[in-house]
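A short worksheet on the structure shown next.
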Amino acid sequence: MKQDHDALHMRTLSELRRGLRSGEFSATTLTEALLERISNAGGALNAFITLTGERALDSAVIADKAIAAGNTQPLTGLPIVHKDLFCTRDVLTTCGSHILDTFVSPYDAAVVERMGVAGAIMLGKTNMDEFAMGSSNETSYFGAVRNPWDLSLSPGGSSGGSASAVAARLVPAATGTDTGGSIRQPAALTGTTGIKPTYGRVSRYGMVAFASSLDQAGVITRSAEDAALLLGVMAGFDPRDSTSSEEPVPDYLAALHKPLKGLRIGIVQEHFDEGLDADNEILVKAAIATLEEQGATTVEVSLPNLNLSVPTYYVVAPAECSSNMSRFDGVRYGHRAGNPVDLMDLYCRTRSEGFGAEVKRRIMTGTYVLSAGYYDAYYLQAQKVRQLISQDFKAAFEQVDVIVGPTTPTPAFALGDKVDDPITMYLNDIYTIGANLAGLPGISVPCGLVGGLPVGLQLVGPHFAEGTLLACAHQYQQLTDWHEIAPGDFA
Amino acid sequence: MSLSKDQVQHIATLARLTIAEEEMDDVVGKLSRIVDFVDQLQAAPTENVVPMAHPLNTCQRLRADAVTEGNERDRIQANASAVHDGLYLVPKVLD
């Protein structure tokens, strides 16, 4: 077992960083080892859409020269994979869709660019629900991703490829995006750590848009420490994203050591309603007790409109989706229907051939709620309820520093289980969607196993409180080892 | 069904999508379920509530109306299926 733990693919990003800098191994050795790991162990998971091995090995040579010259950046030589929704210059960017399955981006997303400048080496692009619309990874044109804890189960979604690859120890870290829970939910279902920052904290430039007022980029890692390392690189103002925040970026790594003593934890009554699996509840409550033992105090808070967050989301997100998806017309990029008889035929057939069922469903839902006669009743009303939900959080954060509860109602579910019922699938995001509607940061960390499957603990904080969330998660991970447990077949 | 087949057909036309006849019942059923589900918002008391237009309740930043990108037409058009002399080709619009 000792030997296994020492294998490069078993190490966290922070451990790899120390190894590279001390000269224990080179970036080339590390890159080769991980590419081999992906090729040997990754096949059954379908976690990747594109691998960029050759390019990665070229970058590794450059990294090794930089290390030899003592000219290192924060991530020099460290591996990263990107969700296939981030534009990558000269590399396929499909968004898990047939409509973009030949799209080669002419530019890099801000996140990709920042990671590259910081010295990270991209190994590939991960599978995802089509345009990030899904909670199980089953809407991908490239097929569902499998959960390394049990190949018959979903890894969650939409960042399912990223979560599956990190959980299976194929790579130590992956980027993701979170519009309604798409980082935190797959992190919970695969036993990984996933952070969704405050809206505007990380630039959306070069992220293919789904719902622009909800989308935010983050990372899936194996520890809060690794998430802090990466977030420090990703976060910051970008003039190319008009909603990017000018709030200064704190030193997240330095903040990790903040003790739990005195931290006020909010417990939300509504989180523990009948929807929550009893075994999940036991683990979440045990995790809260662990935080209390270290001197944190708990306060009961209420989010009275929480039950309206899913229906609010399923008006706002499809409305923005229908607007964003209108750019796919078969003219400028992506799939184009053959032999169109006129422009209308070109648009309609291109889109009908190019989009999958769930994307079409959301485009039509959004078109309906924005259409004449229904706008006030649905869209405007949803934006008002969104304000109420946001005010609920604001009131709660006057009493507490962080809200702690479950990430998902149950552990991972079987592939195929929920595909025929959109509402059942949507309700899977009941605990995560509120943070997106209110623009708040959230993190999910593993807090135990039920029937051999991981369960996630979610922490949500006020705007720009990523440092508090990461510190709390890190302190929890110093006291527990749930985040270190690898799925049996991938240990 | 809260939505009729005609309504769904109209929505599809607005969204520039075509629905095959054999898929129609399934699409109408699922969209109706979604509309029924979001209908619960109607009961929420929202009098005098300001709609949330920005997730942080702030204003969007403005920028100067200036060209910031270089000319990368060839790179960008490499992704299009039908171009000619730097122009995008579409079916004839006028007779």
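Those sequence lines, one after another, are chains A and B. Here our numbering runs 214 ahead of the position in the first sequence, where the first position is 1. Here our numbering runs 43 ahead of the position in the second sequence, where the first position is 1. For every residue, glycine included, the Cβ atom is placed at its ideal position computed from N, Cα and C. As the structure is a computational prediction, the values presented were derived from the model and not from experiment.
* Beta-carbon proximity list for residue 698/A, same chain, < 8 Å, skipping 5 on both sides -> Translated into the one-based positions of the first sequence, residue 698/A becomes position 484. Answer for residue 698/A: 436, listed in chain order.
* Asked: Around the C-beta of residue 216/A, are 16 or more other C-beta atoms found within 10 angstroms, so that it is buried, or is it exposed?
  -> In the first sequence, residue 216/A corresponds to position 2, counting from 1. At residue 216/A the pLDDT is 41, less than 50, meaning the model places this residue with poor confidence; the figure from the coordinates comes in the next sentence. So residue 216/A ends up on the exposed side.
* Asked: When DSSP labels each residue in this structure, what does residue 117/B get in the three-state scheme?
  -> What you label residue 117/B is simply residue 74 of the second sequence in a count that begins at 1. Reduced to three states, the DSSP call for residue 117/B is helix.
* To do: Determine the DSSP secondary structure at residue 555/A, reduced to helix, strand or coil.
  => Stepping through the first sequence from its first residue, residue 555/A is reached at position 341. DSSP places residue 555/A in coil when its eight states are reduced to three.
* **Within chain A, partners of residue 95/B - CB distance below 7 Å** => For the purposes of this step, residue 95/B is taken as residue 52 along the second sequence, with counting starting at 1. Going along chain A in sequence order, the residues near residue 95/B (Cβ under 7 Å) are 597, 600, 601, 604.
* Asked: Beta-carbon of residue 122/B versus every beta-carbon of chain A: anything under 8 Å?
  -> Taking the first residue of the second sequence as position 1, residue 122/B is located at position 79. Closer than 8 Å: yes.
* Taking Cβ positions only, does residue 575/A come closer than 8 Å to chain B? -> By 1-based counting over the first sequence, the position of residue 575/A is 361. Closer than 8 Å to some Cβ of chain B, the Cβ of residue 575/A qualifies, so yes.
* Unbroken beta strand (DSSP E) runs of length 3 or more, entirely within the segment 428 to 497 of chain A: which are they? -> 431 to 435, 478 to 482
* **Partner residues on chain B for residue 317/A, Cβ-Cβ distance less than 7 Å** => To locate residue 317/A, count along the first sequence from 1; it is residue 103. Within 7 Å Cβ-Cβ: 122.
* **Unbroken beta strand (DSSP E) run spanning residue 293/A, endpoints** => Along the first sequence, read from residue 1 onward, the residue named residue 293/A stands at position 79. 293 to 297 is the span of the beta strand (DSSP E), which, as asked, contains residue 293/A.
* Asked: Could you give the distance in angstroms between the alpha-carbon of residue 112/B and the alpha-carbon of residue 542/A?
  -> Walking along the second sequence from the start, residue 112/B turns up at place 69. Walking along the first sequence from the start, residue 542/A turns up at place 328. Approximately 22 Å, taken between the alpha carbons.
* In chain order, what residues of the segment 546 to 566 of chain A put their CB closer than 9 Å to some CB of chain B? -> 546, 547, 548, 549, 550, 554, 555, 556, 557, 558, 559, 560, 561, 562, 563, 564, 565, 566
* residue 136/B - DSSP class collapsed to helix/strand/coil -> For the purposes of this step, residue 136/B is taken as the residue at position 93 of the second sequence. Residue state, collapsed to three classes: coil.
* Asked: How would you call residue 513/A, buried or exposed, if buried means at least 16 neighbouring beta carbons within 10 angstroms?
  -> The count along the first sequence starts at 1 and reaches residue 513/A at position 299. So residue 513/A ends up on the exposed side.
* If you measure from the beta carbon of residue 57/B to each beta carbon in chain A, is any gap under 8 Å? -> By one-based count along the second sequence, residue 57/B stands at place 14. Yes - at least one Cβ of chain A is within 8 Å of the one on residue 57/B.
* **Where the alpha helix (DSSP H) through residue 537/A begins and ends** => Within the first sequence, numbered from 1, the residue matching residue 537/A stands at position 323. Where residue 537/A is concerned, the enclosing alpha helix (DSSP H) stretches over 523 to 538.
* With respect to 7 Å, is the separation between the Cβ of residue 629/A and the closest non-hydrogen atom of the ligand MN below this value? -> By its list of ligands, the structure shown contains no ligand whatsoever, and the ligand MN lies outside what it can speak to.
* Asked: From which residue to which residue does the alpha helix (DSSP H) around residue 572/A run?
  -> For the purposes of this step, residue 572/A is taken as the residue at position 358 of the first sequence. Segment 571 to 584, the alpha helix (DSSP H) holding residue 572/A.
* Asked: Using a Cβ cut-off of 9 Å, which residues of the segment 446 to 479 of chain A contact any Cβ in chain B, in chain order?
  -> 453, 454, 456, 457, 458, 459, 460
* Asked: Which chain A residues sit within Cβ distance under 8 Å of residue 73/B?
  -> As a position in the second sequence, residue 73/B is number 30, starting the count at 1. Under the 8 Å cutoff, chain A gives 575, 636.
* Asked: Whose CA, out of 518/A, 356/A, 349/A, 381/A, lies closest to the CA of residue 362/A?
  -> In the first sequence, counting from the first residue as 1, residue 362/A sits at position 148. Taking only the C-alpha atoms, the option nearest residue 362/A is 381/A.
* **Euclidean distance between Cα positions of residue 327/A and residue 75/B** => As a first step, residue 327/A must be located in the first sequence, where it is residue number 113. As a first step, residue 75/B must be located in the second sequence, where it is residue number 32. Their backbone Cα atoms lie some 43 Å apart in a straight line.
* Asked: In chain B, which residues lie less than 7 Å from residue 653/A when you measure between Cβ atoms?
  -> Taking the first sequence and counting its residues from 1, one reaches residue 653/A at position 439. Per Cβ cutoff of 7 Å: 98, 99.
* What are the residues of the segment 521 to 539 of chain A that lie near chain B, defined by any Cβ-Cβ distance shorter than 7 Å? -> 522, 525, 526, 528, 529, 536
* Between the segment 496 to 511 of chain A and the segment 365 to 374 of chain A, do at least 3 Cβ pairs fall closer than 8 Å? -> no
* Asked: Since residue 388/A is in the beta strand (DSSP E), which residue starts that stretch and which ends it?
  -> Taking the first sequence and counting its residues from 1, the one referred to as residue 388/A is at position 174. Looking at the DSSP string, the run of the beta strand (DSSP E) that includes residue 388/A is 387 to 391.
* **Distance, residue 270/A Cα to residue 254/A Cα** => In the first sequence, residue 254/A corresponds to position 40, counting from 1. In the first sequence, residue 270/A corresponds to position 56, counting from 1. Whole-angstrom Cα-Cα distance: 18 Å.
* Since residue 292/A and residue 252/A are thought to touch, with beta carbons under 8 Å apart, how far apart are those beta carbons, to the nearest angstrom? -> Walking along the first sequence from the start, residue 292/A turns up at place 78. Walking along the first sequence from the start, residue 252/A turns up at place 38. Wrong, their Cβ atoms sit about 16 Å apart, outside the cutoff.
* **Continuous beta strand (DSSP E) stretch holding residue 660/A: start and end** => For this step, residue 660/A is matched to residue 446 along the first sequence. Where residue 660/A is concerned, the enclosing beta strand (DSSP E) stretches over 656 to 664.
* To do: Taking residue 410/A as part of the beta strand (DSSP E), name the residues at either end of that continuous run.
  => Counting from one through the first sequence, the residue named residue 410/A turns up at place 196. Residue 410/A -> beta strand (DSSP E) spans 407 to 410.
* Asked: Which chain B residues sit within Cβ distance under 8 Å of residue 405/A?
  -> Here residue 405/A corresponds to residue number 191 of the first sequence, with the count starting at 1. Those do not exist, as residue 405/A stays about 29 Å from chain B at its closest Cβ, beyond 8 Å.
* Can you give me, in chain order, the residues of the segment 670 to 685 of chain A that have a beta carbon less than 8 Å from any beta carbon in chain B? => 677
* Is the beta carbon of residue 673/A sitting closer than 8 Å to the one on residue 618/A? -> Here residue 673/A is taken as the residue at index 459 of the first sequence, counted from 1. Here residue 618/A is taken as the residue at index 404 of the first sequence, counted from 1. Yes, Cβ-Cβ distance for residue 673/A and residue 618/A is below 8 Å.
* To do: Anything in chain B within Cβ reach of residue 591/A, meaning under 8 Å, just list it in chain order.
  => In the first sequence, the residue the question calls residue 591/A occupies position 377. Under the 8 Å cutoff, chain B gives 85.
* Beta-carbon separation of residue 373/A and residue 329/A under 8 Å? -> Position 159 of the first sequence, counted from the first residue, corresponds to residue 373/A. Position 115 of the first sequence, counted from the first residue, corresponds to residue 329/A. Their beta carbons are not under 8 Å apart, which means residue 373/A does not touch residue 329/A by this criterion.
* Can you give me the Cβ contacts of residue 682/A inside the same chain, cut-off strictly under 7 Å, excluding the 5 residues immediately before and after it? => What you label residue 682/A is simply residue 468 of the first sequence in a count that begins at 1. Excluding residues within five positions, the ones whose Cβ falls inside 7 Å are 615, 616, 675.
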